[in-house]
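In what follows, a single structure is set out as structure tokens and then discussed.
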Amino acid sequence: MVLSQKPPTSRPLRADARRNREAIVAAADDLFRVDGMSLQMDEVAQRAGLGVGTVYRHFPTKEALTVELVQCRVESTIGRAEQTMQDCDPAGALRRFIRDMAAVMAEDIGLRESFQMQVLADNQLDECVYYRQDLHERKLAMVRRAQEAGVVRGDLALEDFDALMCGMGQAIVAGGNAELMADVLLEGMRVPREPVADGAGAADMADVADIEDRAACADGAGE
0 MVLSQKPPTS RPLRADARRN REAIVAAADD LFRVDGMSLQ MDEVAQRAGL
50 GVGTVYRHFP TKEALTVELV QCRVESTIGR AEQTMQDCDP AGALRRFIRD
100 MAAVMAEDIG LRESFQMQVL ADNQLDECVY YRQDLHERKL AMVRRAQEAG
150 VVRGDLALED FDALMCGMGQ AIVAGGNAEL MADVLLEGMR VPREPVADGA
200 GAADMADVAD IEDRAACADG AGE
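Here numbering that gives the first Met the number 0 is used: position 214 in the sequence shown is 213, and no number is missing along the way.
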């Protein structure tokens, strides 16, 4: 997939500065995963084994650090989406992506909060524009593939898909089982089946469809 824009580049850091930055991001990542937007810069410095002044030299504000953390997460999400589309058929790819995202939302408070609050306004950094557009295009490609294959209802727009994913995240925050929420979402996106006169026959058709879906992509088993 080719984007119309390229990620911005920055000047390379000295070896010691690069190590410090990597230590800061690693420490902040752990805190962000557990504390979300409430992480504190002094805690980041302490965990990284650096002075708080060093942290602020690399990231002048907590928002700047948050941008870096979420960019890393979005980039990782993009990579998973791309690999999933390569590994699975259209139905399996969408199913694995949604289930993976549900699991991440359940475990990573920082990512969940950033998706819900959309705290990273595009005018903060050019990188935000690039990565959000990249993820947007990959989600669009995934949904379109599934629609063209006839496994996702054709009237589902990408805006609808994003809203449903946001709703799934809210449900998980409220205590919903992540795996169950993903399955409910997937079932709602499925192309409605034609009614069958015989009730048992309809149930059999649903069972066959589910078996075919599961066979198409093993949801990452064995990876």
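Note that the Cβ used here is the ideal one computed from N, Cα and C, for glycine as well.
1. Quick one: residues in its chain with C-beta nearer than 7 Å to the C-beta of Glu81, no 5 flanking neighbours on either side, listed in chain order?
2. Exposed or buried, what is Leu30 when buried is set at 16 or more other beta-carbons lying within 10 Å of its beta-carbon?
3. Nearest-angstrom Cα distance between Arg144 and Glu74?
4. Secondary structure at Arg144, three-state DSSP: helix, strand or coil?
5. Take Ala162 and list the residues in its own chain whose beta-carbon comes closer than 8 Å to its own, dropping the five residues that flank it on each side.
6. Can at least three beta-carbon pairs, one atom from the region 53-68 and one from the region 19-38, be found at a separation below 8 Å?
7. Locate the alpha helix (DSSP H) running through Asp38, then write down its first and last residues.
8. Ends of the alpha helix (DSSP H) at Glu87?
9. Okay, do the region 88-102 and the region 180-189 touch, 3+ Cβ pairs below 8 Å being the bar?
According to the data block:
1. Sequence index remark: in the sequence shown, residue 81 carries index 82 (1-based). Hits under 7 Å: Arg137.
2. If you number the sequence shown from 1, residue 30 lands on position 31. Using a 10 angstroms sphere on the CB of Leu30, the tally of other CB atoms reaches 16 or more, which defines it as buried.
3. Counted from its first residue, the sequence shown places residue 144 at position 145. Counted from its first residue, the sequence shown places residue 74 at position 75. Taking the straight line from one Cα to the other gives about 21 Å.
4. Residue 144 sits at position 145 when you count from the first residue of the sequence shown. Residue state, collapsed to three classes: helix.
5. Stepping through the sequence shown from its first residue, residue 162 is reached at position 163. Nothing listed; no residue qualifies.
6. Because the criterion of three Cβ pairs below 8 Å is met, the region 53-68 and the region 19-38 touch.
7. Taking the sequence shown and counting its residues from 1, one reaches residue 38 at position 39. Correcting the residue type first, residue 38 is Leu in the shown sequence and not Asp. Careful: Leu38 lies outside any alpha helix (DSSP H) and carries neither H nor E.
8. Here residue 87 corresponds to residue number 88 of the sequence shown, with the count starting at 1. Strictly speaking, residue 87 in this sequence is Cys, with Glu absent from that position. Segment: none, Cys87 is in no alpha helix (DSSP H) and carries neither H nor E.
9. yes
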